[in-house]
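Counting from 7, one number per residue, gives the positions in the sequence shown under the numbering used here.
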Amino acid sequence: MYDLAIIGAGPGGYVAAISAAKHGAKVLLIERENVGGVCLNRGCIPTKAYIASAHALHAIRKSFEFGIEVGGSPAINFAKARSRKDEVVSTLRGGIETLLKGNKIELIRGSAAFVDSGLKVGEREIDAKNIVIATGSDWIDLPGIKRDGEKIVTSDEALDWESLPKSIAIIGGGVIGCEFACMLSEMGVAVTIIEATASILPPVEAGISRLLTRSMKSLGIEILTSTFANSASVTASGVSISLSTGSSIEVEKVMVAVGRRPLTEGLSLASAGIETEGRGYVIVDENFMTTRKDCYAIGDVKGGFMLAHQASAEGEALSEYLFGGSERLRDIGPIPKPIFTYPEVASVGLTSEELKHDGIEFSTGRFPYAACGKALCDGETEGQILVHGDKNGKILGVHAFGEGATLIIAEAALAMKAGLPAKDMAQTVHSHPTISETLAEAAADVYGGAVHKMGRK
7 MYDLAIIGAG
17 PGGYVAAISA
27 AKHGAKVLLI
37 ERENVGGVCL
47 NRGCIPTKAY
57 IASAHALHAI
67 RKSFEFGIEV
77 GGSPAINFAK
87 ARSRKDEVVS
97 TLRGGIETLL
107 KGNKIELIRG
117 SAAFVDSGLK
127 VGEREIDAKN
137 IVIATGSDWI
147 DLPGIKRDGE
157 KIVTSDEALD
167 WESLPKSIAI
177 IGGGVIGCEF
187 ACMLSEMGVA
197 VTIIEATASI
207 LPPVEAGISR
217 LLTRSMKSLG
227 IEILTSTFAN
237 SASVTASGVS
247 ISLSTGSSIE
257 VEKVMVAVGR
267 RPLTEGLSLA
277 SAGIETEGRG
287 YVIVDENFMT
297 TRKDCYAIGD
307 VKGGFMLAHQ
317 ASAEGEALSE
327 YLFGGSERLR
337 DIGPIPKPIF
347 TYPEVASVGL
357 TSEELKHDGI
367 EFSTGRFPYA
377 ACGKALCDGE
387 TEGQILVHGD
397 KNGKILGVHA
407 FGEGATLIIA
417 EAALAMKAGL
427 PAKDMAQTVH
437 SHPTISETLA
447 EAAADVYGGA
457 VHKMGRK
């Protein structure tokens, strides 16, 4: 009898397993593919490895601005970039497997399903006091766009291309679509984004979305908003896409990036008394318990923001709750949301649109990268920080666009979690010269205290 059986060894599952083991639990981890889940094997990590290659190429192209002369025309060696990506993934995967062994966690390969006695993997029946569903998510199919894995793909297939296409249309201007668009454009691919809504990155602060749109267009990326891809036909030379505007475009490849769905096929949830909502997400309470009292769900499979670090935080918090003596699940929020475009975007808390919708009075502090010494030194002056605060100075949301945005947002998340007012964040001494100074100045601007900025806002 196991204390805990976890289905899925992604960022939520393997972290829950290790945390539970550290509390003395006997843990079984079930995974049908590779440990690390989508994030490590087909998502966050391989994408960021390619983005690092794209950034290196971008830096070389800009090197003349810094007094460096480079002969010839720099170009991407995609085969080497792919090899490096694979090495990064393999190294991290091996690290997780080592951690699992070191914490005496039993890992079995296969697909799990609920049965009367508990779980079954192949012919093996498993008894556990507690079960966690951490199976993640998969891509949504788009009507009229049939994926073939070669010319019409998702990011899964794109990450394993042997060579780059000359042109691509990315259907979906969300996080994955925009990250791939920036990366591929830097690598020399002609990119078109087709987005059904009025702007890219719809949940992001509107002003930040506009800044990124302008930046992406300056990279040569074509962005078609309020446009649907009605159908896609494979041709001898590539793919022809029929658009809702009545026109069509021809590209070498198409990448579909229109969202994800919970991955629950084959689990036999209904027969186990585990309910899902209309879109298939597993229903949970405030402690991540499903409608079956010995079973919990974390990460993408239960809906919400599909972020690896959120799944990991949920897994750790759940194990503390189950085996660490906690009476209730600890609050893991607020959750920072990084987007690795060029420049980067990051946010935590509420947007101005959400605050207005909820009728919350707030004041916004702003600070431009153009007034930051480190940004000028780095040649990265395109950027802005926004801090929303209420009348008492409580931080309601922070939104960043620019170099290092995905790093400095963690400070904002910590300040919000600790309940610090904007003034405390502003009056915390920040190293000079660093990009983090923009956050302090924007926080000071909430109450009119920004030093390196003219006027109130």
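Using N, Cα and C, we set each Cβ at its ideal position, and we do this for glycine too.
H61 in three-state terms, based on DSSP: For the purposes of this step, residue 61 is identified with residue 55 of the sequence shown, where counting begins at 1. DSSP, reduced to helix, strand and coil, places H61 within a helical segment of the structure shown.
Contacting residues, own chain, Cβ-Cβ under 7 Å from I214 (five flanking each side not counted): The residue given as residue 214 occupies position 208 in the sequence shown. Closer than 7 Å at Cβ, skipping near neighbours: V351, H405, F407.
Alpha helix (DSSP H) runs contained entirely in the region 172-254, provided each spans 4 or more residues: When DSSP assignments are scanned along the region 172-254, the uninterrupted stretches of alpha helix (DSSP H) that are 4 or more residues long and fall wholly within it turn out to be 181-192, 212-224.
Through-space distance from S254 to A317, alpha-carbon basis: In the sequence shown, counting from the first residue as 1, residue 317 sits at position 311. In the sequence shown, counting from the first residue as 1, residue 254 sits at position 248. The alpha-carbon atoms of A317 and S254 are separated by roughly 40 Å.
Residues near E1 by beta carbon distance below 8 Å, same chain, minus five either side: Examination of residue 1 is not possible in this model, given that the chain is present from 7 through 463 alone.
Residue burial classification, K68 (beta-carbon count within 10 angstroms, cutoff 16): Translated into the one-based positions of the sequence shown, residue 68 becomes position 62. Result: exposed.
Through-space distance from E326 to S468, alpha-carbon basis: Any answer about residue 468 is impossible in this case: the structure gives the chain only from 7 up to 463.
As assigned by DSSP and simplified to three states, the class of D144: The residue you call residue 144 lines up with position 138 of the sequence shown. The DSSP-derived three-state label of D144 is strand.
Stretch-stretch touch, CB-based, cutoff 8 Å, three pairs: the region 368-376 with the region 220-228: The answer is no - the region 220-228 does not touch the region 368-376, with fewer than three Cβ pairs under 8 Å.
Cβ-based neighbour list, G339, same chain, cut-off 8 Å, excluding 5 preceding and 5 following: Position 333 of the sequence shown holds residue 339. Closer than 8 Å at the Cβ level, and outside the excluded window around G339, lie K423.
Interface flag, V181 vs chain C, CB-CB below 8 Å: The displayed structure is made up of one protein chain only, and chain C is not part of it.
Neighbourhood of R48 by C-beta, 8 Å cutoff - its chain only, sequence neighbours within 5 removed: As a first step, residue 48 must be located in the sequence shown, where it is residue number 42. Here the set comprises S161, D162, L165.
For A175 and I158, the rounded distance between their alpha carbons: Along the sequence shown, read from residue 1 onward, the residue named residue 158 stands at position 152. Along the sequence shown, read from residue 1 onward, the residue named residue 175 stands at position 169. Whole-angstrom Cα-Cα distance: 10 Å.
Buried/exposed call for G124, threshold 16 Cβ in 10 Å: Numbered from 1 along the sequence shown, position 118 holds the residue referred to as residue 124. G124 comes out buried.
Helix, strand or coil at N83 [DSSP, three-state]: Taking the sequence shown and counting its residues from 1, the one referred to as residue 83 is at position 77. Of the three classes helix, strand and coil, the one that applies to N83 here is coil, per DSSP.
Whole-angstrom distance between K91 and E156, CA atom to CA atom: On the sequence shown, residue 156 is found 150 positions in, with the first residue counted as 1. On the sequence shown, residue 91 is found 85 positions in, with the first residue counted as 1. Taking the straight line from one Cα to the other gives about 20 Å.
Contact check, L273 vs A22, beta carbons under 8 Å: For the purposes of this step, residue 273 is identified with residue 267 of the sequence shown, where counting begins at 1. For the purposes of this step, residue 22 is identified with residue 16 of the sequence shown, where counting begins at 1. No, these two residues do not count as a Cβ contact at 8 Å.
Top-ranked residue by Cα proximity to M312, from L98, H61, D430, G180: Locating residue 312 in the sequence shown gives position 306, where the first residue counts as 1. Taking only the C-alpha atoms, the option nearest M312 is G180.
Cβ separation of E185 and F84, assumed to be a contact under 8 Å, to the nearest whole Å: As a position in the sequence shown, residue 185 is number 179, starting the count at 1. As a position in the sequence shown, residue 84 is number 78, starting the count at 1. With a Cβ gap of about 17 Å, E185 and F84 do not count as contacting.
Three-pair Cβ contact test at 8 Å for the region 105-113 versus the region 15-29: Yes, the region 105-113 touches the region 15-29.
Helix, strand or coil at C45 [DSSP, three-state]: Working through the sequence shown from its first residue, we reach residue 45 at position 39. Of the three classes helix, strand and coil, the one that applies to C45 here is helix, per DSSP.
Endpoints, beta strand (DSSP E) assigned at A23: Here the question's residue 23 lines up with position 17 in the sequence shown. That residue, A23, is in no beta strand (DSSP E); its alpha helix (DSSP H) goes 17-28.
Every unbroken alpha helix (DSSP H) inside the region 325-363 [4 residues or more]: Listed in chain order, the complete alpha helix (DSSP H) runs (minimum 4 residues) inside the region 325-363 are 358-363.
At least three beta-carbon pairs within less than 8 Å, the region 353-371 to the region 433-446: Contact between the region 353-371 and the region 433-446 is absent, because fewer than three Cβ pairs lie under 8 Å.
Where D147 falls, given that 16 or more other Cβ within 10 Å makes a residue buried: Against the sequence shown, residue 147 aligns to sequence position 141. The residue in question, D147, is exposed, as its Cβ has fewer than 16 Cβ neighbours within 10 Å.
Option nearest V195 by Cα separation, candidates I137, V33, K259: Taking the first residue of the sequence shown as 1, we reach residue 195 at position 189. Comparing Cα positions, the closest option is K259.
Identified DSSP bridge partners for M295: Position 289 of the sequence shown holds residue 295. BP columns for M295 point to Y302.
Beta-carbon gap between E292 and I304 smaller than 8 Å: Taking the first residue of the sequence shown as 1, we reach residue 292 at position 286. Taking the first residue of the sequence shown as 1, we reach residue 304 at position 298. Their beta carbons are not under 8 Å apart, which means E292 does not touch I304 by this criterion.
The region 240-253 touching the region 261-278, judged by at least three CB pairs closer than 8 Å: Verdict: no, contact absent.
N-terminal and C-terminal residue of the beta strand (DSSP E) that E39 is part of: For the purposes of this step, residue 39 is taken as the residue at position 33 of the sequence shown. For E39, there is no enclosing beta strand (DSSP E), since its DSSP letter is neither H nor E.
CB-CB length for E192 against L402, believed under 8 Å: For this step, residue 192 is matched to residue 186 along the sequence shown. For this step, residue 402 is matched to residue 396 along the sequence shown. At roughly 34 Å, the Cβ-Cβ gap does not stay under 8 Å, so E192 and L402 are not in contact.
Distance between G42 and E93 (C-alpha atoms, nearest Å): As a working mapping, residue 93 is identified with position 87 in the sequence shown. As a working mapping, residue 42 is identified with position 36 in the sequence shown. When rounded, the distance between both Cα atoms is 14 Å.
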